[in-house]
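In short: position in the sequence shown from 1, add 347, done, that's the working numbering. We put the beta carbon where it would ideally sit given N, CA and C, even for glycine.
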Amino acid sequence: MINRTSNPSLCKAAIGGPELSARAMGEVKHLCLVKFKEGVAVDDVLKGMTQLVSEMDMVKSFEWGQDILNQEMLTQGFTHVFSLTFASADDLTSYMSHERHAAFAGTFMAALEKVVVIDFPVVLAKPPPLLPA
348 MINRTSNPSL CKAAIGGPEL SARAMGEVKH LCLVKFKEGV AVDDVLKGMT QLVSEMDMVK
408 SFEWGQDILN QEMLTQGFTH VFSLTFASAD DLTSYMSHER HAAFAGTFMA ALEKVVVIDF
468 PVVLAKPPPL LPA
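Quick look at the structure:
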């Protein structure tokens, strides 16, 4: 994992700067692990996030899920994951700087006790099986 404070050039590459754009010709993931604050209406946050990404053409896909095993030692309290896929680092950069994202991010961050965000180029290690014709 990149420590974004220790190396500014790595930080720039990690968030879709020119270094990543030149290297990563394929898809890019924006992954968020979160723990919501006590009392937050999680369903409202999920609806807001789903609405946001449905209005943003640069978002190729959006998935989310909630931890099902409750292994506190491994999850460190994180309960939900959000995964957004973009066709390119430029699309991720456009999303991150978009005014709709900025507006929702304020609401989203206020609902969180803690969060980890990682942006990375996708490396396909095992392709999904082909569907029968």
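- By the Cβ-count criterion, Leu478 is exposed, with fewer than 16 other Cβ atoms from all chains shown falling within 10 Å of its own Cβ.
- By the beta-carbon neighbour count (other beta carbons within 10 angstroms, threshold 16), Val406 is buried.
- Judged by DSSP secondary structure, Leu421 falls within the alpha helix (DSSP H) whose first and last residues are 419-422.
- CA-CA distance, Phe429 to Phe455, rounds to 12 Å.
- In this structure, the CA atom of Lys382 is about 12 Å from the CA atom of Val392.
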